[in-house]
Each structure stands twice: as structure tokens, then as C-alpha cells.
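Protein sequence lines correspond, in order, to chains B and C.
For the first sequence, our numbering gives the first residue as 270, with consecutive numbering after it.
For the second sequence, our numbering gives the first residue as 270, with consecutive numbering after it.
Glycine is no exception: its CB is placed at the ideal position from the N, C-alpha and C atoms.
Since the structure is predicted, the reported quantities are computational estimates derived from the model, not experimental observations.
What follows is a set of notes on a single structure, which appears directly below.
Number of protein chains: 2
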Amino acid sequence: MPKNKVVSLNKLKVACKNCGLAKLCLPLGLDSGDIDQLDAIVQRNRPLHRGGHVFQTGDKFRSLYVVKTGTIKTYTQCPNGSEQVVGFHLPGEVVGLDGIECDKHLCSAKALETTAVCEVPFGRLEELTSSIPGLQHQLFRLMSREITKETGLMVLLGKSTAEERLAAFLLSLSVRFHNRGFSPVEFNLSMSRQEIGSYLGLALETVSRLFTHFQEESILLVDRKHIKILDMDQLYNLLSNQTTCLDRLQAPN
Amino acid sequence: MPKNKVVSLNKLKVACKNCGLAKLCLPLGLDSGDIDQLDAIVQRNRPLHRGGHVFQTGDKFRSLYVVKTGTIKTYTQCPNGSEQVVGFHLPGEVVGLDGIECDKHLCSAKALETTAVCEVPFGRLEELTSSIPGLQHQLFRLMSREITKETGLMVLLGKSTAEERLAAFLLSLSVRFHNRGFSPVEFNLSMSRQEIGSYLGLALETVSRLFTHFQEESILLVDRKHIKILDMDQLYNLLSNQTTCLDRLQAPN
DNA sequence: CGTTGAGTTGACTCCTATCAAGAAATGTGG
DNA sequence: CCACATTTCTTGATAGGAGTCAACTCAACG
């Protein structure tokens with residue numbers, strides 16, 4: 270039994286490495302057979318280069334995608350041609366949930382850098398729920414989590430200043446990097462000021478000004494896309510009035 | 270067979286009346302047995318008065334709730350004591366999806382007027398997915414729809430003017446009332462200017478000014494909480510740059 | 001009929017978008 | 001490898017939209 274458990278855990282690790290989805294099932298005590306089943310339906314496509322699309326608005330919905338390495342941004346095209354960023358997705362995070370409803374994708378997803386994703390055919394995933402107990406519930410949880418995150422962002426966009434928005438954004442990235450085993454205080458932004466602004470409902474100039482402002486206050490060290498958080502406490506304090514949405518934005522996938 | 274179908278449809282209508290959830294399953298061609306199963310788990314509580322809570326932040330998550338009549342607002346409490354409205358829920362709409370993730374509710378839900386809700390114990394609903402084919406998928410769709418709606422609101426809050434926000438809000442209400450068989454051009458707001466403002470990220474004074482402004486432009490007729498839309502086209506035109514989020518906010522349930 | 005809460009309206013201020021110009025980095029082709 | 005083009009970022013000046021503060025009106029209710 271203990272030996273079996275070890276095998277199972279190793280398999281889990283492998284599966285987690287290949288596809289963040291399996292991680293969902295960790296708290297369930299999946300046995301190795303379950304992992305194998307999950308593993309069997311996951312498709313490993315070759316990495317996308319910067320700018321490559323995972324899917325585009327209007328594409329038929331077939332699969333969810335789990336980011337393995339790199340970053341995906343999701344966005345919609347506005348009638349006037351400009352694009353609106355609706356999300357940034359780091360390793361371990363899932364993209365494509367909005368496609369389930371109408372059986373087609375309602376936003377586009379493109380790589381911000383060289384990025385590897387796992388493709389999980391949704392139909393097969395739905396079938397697996399009958400043979401893997403608890404999987405269904407984990408999927409519901411995953412989607413509930415997505416709703417929570419979006420609610421948090423809504424609140425942030427509705428009633429926060431530019432400063433609070435950028436602070437929340439940086440803290441969210443920090444926590445998410447930390448959860449994946451990267452440094453929570455030092456990381457590279459894979460998105461432009463423009464994209465950050467679009468996501469946070471700010472002009473790119475405002476984002477730029479805030480970065481320099483945070484640097485002047487010794488909260489950050491900014492070198493173009495490289496960010497080092499010098500004073501995490503101050504960053505948190507900026508959000509003292511916004512803890513509600515902060516919690517929502519930060520909880521692990 | 271045709272006779273059976275009639276029975277089934279009647280049952281469906283009854284079920285729909287009792288609980289909007291069954292409506293989810295309409296496109297699936299549920300048979301009457303399925304409806305009975307769904308019906309059996311639904312609890313009908315007595316109506317809430319204005320101000321009564323369906324659930325509160327931190328409550329253990331047990332059930333989803335479907336609004337039968339009336340209006341529910343969901344909101345979170347900010348650290349400084351003020352509340353932030355995160356949603357208004359009309360008849361047929363589902364409340365409580367954000368509770369699945371952590372097994373407890375992350376927001377509070379209270380009645381804005383005398384309101385009847387159906388309680389659907391989530392555990393039992395999850396069990397039913399094994400005996401009602403397609404139910405699982407409908408639940409995924411429901412949650413996906415919720416994500417889509419929130420994304421739409423995010424975009425609206427991120428990059429729209431106060432005028433556009435209120436126009437989108439009114440059009441969203443209009444469509445949702447229409448879908449439930451009410452007039453799309455004349456209705457009563459069950460929420461205060463304050464609550465509308467909180468939801469849209471605006472000061473209550475701004476909301477008030479916009480109502481008078483819309484009235485001056487002969488777009489609306491406003492008498493306190495009673496709204497009559499005089500010029501639907503103009504209202505749409507205000508959102509010509511925001512059609513993306515408009516679509517997302519409007520689609521049925 | 002006074003009290004209370006909601007809504008309206010005005011005056012003022014401030015935050016952030018916009019416009020504009022320049023600097024830095026990145027990429028390209030000769 | 002260098003000159004040029006292009007994109008991204010930074011910084012400044014300006015203007016406008018919406019928040020805030022405050023006073024007033026109106027409706028509801030005991």
C-alpha cells in the first residue's frame with residue numbers, strides 16, 4: 270500500500286508537470302489509474318511562438334487549454350478595431366471556459382511569449398466524470414473559481430484608483446508566480462504597458478507613470494519588463510480598502 | 270408519443286414555474302421522469318421580505334437558488350463598511366455559483382423586494398447528473414454563461430463612460446425582462462440609485478444625473494423607480510463602441 | 001405633521017485620458 | 001555591423017469626466 274502510494278505520487282508529479290489539470294485532482298486522492306485516464310485524453314501540441322493563437326473568437330469550442338509554460342492573453346476585438354484584454358494566464362491556469370456555453374469561443378487567446386499548452390478535449394473530459402469520482406466536482410470548482418476571480422476584478426475596476434489597480438495586479442502576479450514555484454518578488458512581465466492598461470481599464474501612459482511612481486516610492490524596482498518588489502507591505506497597504514477583491518484575485522487556481 | 274410529449278411539456282411548464290432551473294434542460298428534450306427527479310430535490314421556501322437574506326458571506330455552501338419572483342442583489346462588504354453590489358438577479362436567474370469553490374458563500378444575497386426563490390441542494394444536483402443525461406453539460410453551460418456575463422461587465426467597467434454604463438445596464442434589464450415575458454420598455458427598478466451606482470462603479474449622484482439627462486434627451490421617461498424606454502435605438506447607439514460586452518450582458522440566463 | 005431616507009441639483013476639485021514629443025529598445029536590410 | 005524604421009516606453013501639458021461635499025426637494029410612514 271505505501272509502495273503503491275509512492276508510485277501514485279510519482280505519476281501525479283509527472284502528470285502535473287505535463288498538465289496542470291491533474292493538479293485539480295490532488296486533494297481527491299486520485300489513484301494512479303485515474304491519473305492515467307486523465308493523462309490519456311490530454312493532447313500535447315508543440316509550443317506556440319509569441320503571437321500564436323490557441324483559439325480565436327468564433328472558433329468552435331472543443332477543448333480547454335492548460336498553460337504549461339509561458340503566458341497566454343485572452344482578448345476580444347472591439348467594433349472600432351482596438352482590442353480589450355480580458356485575462357492573462359500563467360502556467361497551471363486554464364483557458365477556454367467561456368466557450369462551453371455557446372459551443373464556440375467568445376474571445377481569442379494568444380501567446381505573449383513562447384508558450385506550451387496542454388489541450389484537454391472537453392467532451393472526453395465530461396465523459397471521464399462518470400469514471401473518476403470527484404472529477405465533476407473539481408470541474409465545478411474550477412469554474413466557480415473563475416467566477417470568483419472575475420467578480421474580484423469587477424469590483425476592482427468599479428471602484429478603485431489607478432494606483433490600487435496596478436498594485437492589485439502586481440500582487441496577483443506575485444502570488445500566482447509564488448504558487449507555481451517562482452519568486453514572488455522578482456519576475457518578468459510578458460505583457461506590454463498597453464496590455465496591462467487594457468486589462469486594468471487604464472491608459473498605457475497611466476500604467477507607465479505608475480511604474481515610475483512606485484519606483485520613486487521605493488516600492489518597486491522597474492527595469493522595462495523586469496519587476497522587483499522591494500516593499501511588499503506598502504503594496505498591500507495601497508489595497509487596504511480593497512481586500513475583498515484582492516482575496517478573490519489571488520487564491521490559487 | 271405525441272400524447273406523452275404533451276404531458277411532458279405540461280410538466281415542464283409546471284416545473285419551470287416552480288423553478289427556473291428546469292428551463293435549463295428544455296433544449297435537451299428531458300422526459301417527464303427527468304423533470305420529476307429534478308422537481309423532487311427542489312425545496313420551496315416561503316418568500317423573503319425586502320431585506321431578507323438568502324445567504325450571507327461565510328455561510329456554508331449547500332444550495333443554488335433560483336429566483337422565482339422578485340429581485341435578489343448579491344454584494345460584498347468592504348473593510349471600511351460600505352457594501353459593493355456584485356449582481357442583480359431577476360426571475361429565472363441563478364444565485365450562489367460562487368460558493369462552490371470554497372464550499373462557502375463569498376458574497377451575501379438579499380431580497381430587494383418580496384422575493385421567492387427555489388433552493389436546489391447542490392450535492393443532490395450533482396448526484397442527479399448521473400441519472401439525467403445532459404444535465405451535467407447544462408450545469409457547465411450555466412457556469413460558463415456566468416463567466417461570460419462577468420467578463421462583459423468587466424469590459425464595461427474597464428473602458429466605458431458613465432453614460433455607456435447606465436445605458437448598458439438598462440438594456441440588460443430590458444432584455445432580461447423581455448425574456449421572462451415582461452415588457453422590455455417599461456419596468457420598475459427594485460434597486461436604489463446607490464445600488465445601481467455601486468454595481469456600475471459610479472457615484473449615486475452620477476446615476477441620478479444620468480437619469481435626468483436621458484430624460485432630457487427623450488430617451489427615457491423616469492418617474493422615481495419607474496422607467497419607460499422611449500427611444501431604444503438611441504440607447505443602443507450610446508453603446509456602439511461597446512457591443513462586445515453588450516452581447517455578453519444580454520444573452521438569456 | 002414632523003421625521004427619515006431617497007433622490008435631485010449645483011459648485012468645485014481631482015484623477016486620469018488625451019494629445020504630443022522625445023527616448024530607448026528592438027528589429028531589418030543593406 | 002551599422003543606419004534606419006518601428007515599436008514600446010517615458011514624460012509633460014492640458015482638458016474633461018466623474019467624485020465629493022453640500023443644500024434642497026420629495027415621498028413614505030408612523
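Give the single residue among the options whose Cα lies nearest to the Cα of residue i.
i, options, result
"B/His-318", "B/Ala-378, B/Met-412 and B/Gly-361", "B/Ala-378"
"B/Ser-509", "B/Leu-471, B/Ser-429 and B/Glu-464", "B/Ser-429"
"B/Val-389", "B/Asp-516, B/Leu-408 and B/Leu-489", "B/Leu-408"
"B/Leu-394", "B/Arg-331, B/Phe-480 and B/Gly-321", "B/Arg-331"
"C/Asp-502", "C/Arg-414, C/Ser-443, C/Asn-349 and C/Leu-471", "C/Ser-443"
"B/Gly-361", "B/Arg-462, B/Arg-445 and B/Leu-473", "B/Arg-445"
"C/Phe-480", "C/Lys-342, C/Phe-438, C/Arg-313 and C/Cys-376", "C/Phe-438"
"C/Ala-431", "C/Asn-457, C/Leu-499, C/Ile-465 and C/Leu-490", "C/Ile-465"
"B/Gln-511", "B/Val-424, B/Ser-351 and B/Arg-449", "B/Val-424"
"B/Glu-370", "C/His-406, C/Val-363, C/Gln-346 and C/Val-355", "C/His-406"
"B/Asp-308", "B/Leu-499, B/Leu-397 and B/Asp-500", "B/Leu-397"
"C/Gly-450", "C/Ala-380, C/Leu-359 and C/Ser-477", "C/Leu-359"
"B/Gly-368", "C/Ile-304, C/Asp-516, C/Arg-414 and C/Val-323", "C/Arg-414"
Express the C-alpha separation of residue j and residue i in angstroms, rounding to a whole number.
i, j, result
"B/Leu-295", "B/Gln-353", "Confidence is the limiting factor: at B/Leu-295 the pLDDT is only 48, short of 50, which leaves the residue's position unreliable, though a coordinate-based value still follows. So the alpha carbons of these two residues sit roughly 35 Å apart."
"C/Pro-316", "B/Leu-440", "42 Å"
"B/Leu-366", "B/Met-412", "7 Å"
"C/Ile-310", "B/Glu-419", "30 Å"
"C/Leu-426", "C/Gly-302", "44 Å"
"B/Ile-488", "B/Ile-496", "10 Å"
"B/Glu-455", "B/Thr-475", "22 Å"
"B/Thr-326", "B/Tyr-344", "9 Å"
"B/Phe-237", "C/Leu-422", "Lying outside 270 to 522, the shown extent of chain B, residue 237 of chain B is not represented and no answer is given."
"C/Leu-490", "C/Pro-348", "37 Å"
"C/Ala-472", "C/Ala-436", "15 Å"
"C/Lys-462", "C/Phe-483", "Note that residue 462 of chain C is Arg in the sequence shown, not Lys. The alpha-carbon atoms of C/Arg-462 and C/Phe-483 are separated by roughly 15 Å."
"B/Gly-321", "B/Cys-387", "15 Å"
"B/Leu-507", "C/Gly-403", "47 Å"
"B/Cys-376", "C/Arg-434", "21 Å"
"B/Asn-314", "B/Gly-350", "30 Å"
"B/Thr-338", "B/Asp-492", "23 Å"
"C/Arg-410", "C/Glu-485", "41 Å"
Measure how close the beta-carbons of residue i and residue j come, nearest whole angstrom, since I'm counting them as under 8 Å.
i, j, result
"B/Phe-357", "B/Tyr-468", "7 Å"
"B/Ser-400", "B/Gln-306", "7 Å"
"C/Thr-340", "C/Glu-382", "6 Å"
"B/Val-335", "B/Thr-384", "The pair is not a contact, with the Cβ atoms about 11 Å apart (cut-off 8 Å)."
"C/Lys-329", "C/Lys-373", "6 Å"
"C/Lys-494", "C/Asn-457", "5 Å"
"C/Leu-333", "C/Val-363", "6 Å"
In the structure shown, what three-state DSSP assignment does residue i receive?
i, result
"B/Asn-506", "helix"
"B/Ile-401", "coil"
"C/Asp-492", "strand"
"C/Gln-325", "coil"
"B/His-318", "coil"
"C/Cys-294", "In this prediction, C/Cys-294 has a pLDDT of 49, which is less than 50 and means its spatial position is unreliable; nothing more can be read from the coordinates."
"B/Arg-449", "coil"
"C/Ile-341", "strand"
"B/Leu-381", "coil"
"B/Val-528", "A query on residue 528 of chain B cannot be resolved here, the shown segment of chain B reaching from 270 to 522 and no further."
"B/Phe-357", "strand"
"C/Phe-456", "strand"
"C/Val-424", "helix"
"B/Arg-313", "strand"
"C/Ser-443", "helix"
"B/Glu-395", "helix"
"C/Ile-369", "coil"
"C/Glu-486", "coil"
"B/Leu-375", "coil"
In chain C, which residues lie less than 8 Å from residue i when you measure between Cβ atoms?
i, result
"B/His-482", "Here the premise fails: no neighbours, minimum Cβ distance about 21 Å."
"B/Met-423", "Val-355, Glu-419, Leu-422, Met-423 and Leu-426"
"B/Ser-509", "Pro-348"
"B/Leu-499", "Correct list: empty, because the minimum Cβ distance to chain C is about 25 Å."
"B/Leu-333", "Under the 8 Å cutoff, chain C gives no residues; its nearest Cβ is about 11 Å from B/Leu-333."
"B/Leu-504", "The premise fails here: B/Leu-504 is roughly 16 Å from chain C at the closest Cβ pair, so nothing lies under 8 Å."
List the residues of chain B that residue i touches, going by C-beta distances under 7 Å, in chain order.
i, result
"C/Arg-410", "Ile-369 and Glu-370"
"C/Gly-470", "Leu-426, Gly-427 and Lys-428"
"C/Ile-304", "Within chain B, no residue comes near C/Ile-304; the closest Cβ sits about 21 Å away, beyond 7 Å."
"C/Leu-479", "Within 7 Å Cβ-Cβ: nothing; C/Leu-479 doesn't reach chain B, min ~16 Å."
"C/Leu-440", "Correct list: empty, because the minimum Cβ distance to chain B is about 16 Å."
Could you work out which residues of chain C lie near residue i, taking near to mean beta carbons separated by less than 7 Å?
i, result
"B/Ser-400", "Chain C residues near B/Ser-400: none, gap ~11 Å exceeds 7 Å."
"B/Glu-395", "Gln-405 and His-406"
Along chain B, in chain order, which residues have C-beta atoms closer than 9 Å to that of residue i?
i, result
"C/Ile-416", "Leu-366, Asp-367, Ile-369, Glu-370, Met-412, Glu-415, Ile-416 and Glu-419"
For a contact defined as C-beta to C-beta under 8 Å, what are the partners of residue i on chain B?
i, result
"C/Ile-307", "As written in the sequence, residue 307 of chain C is Leu, which differs from the Ile given in the question. Chain B residues near C/Leu-307: none, gap ~17 Å exceeds 8 Å."
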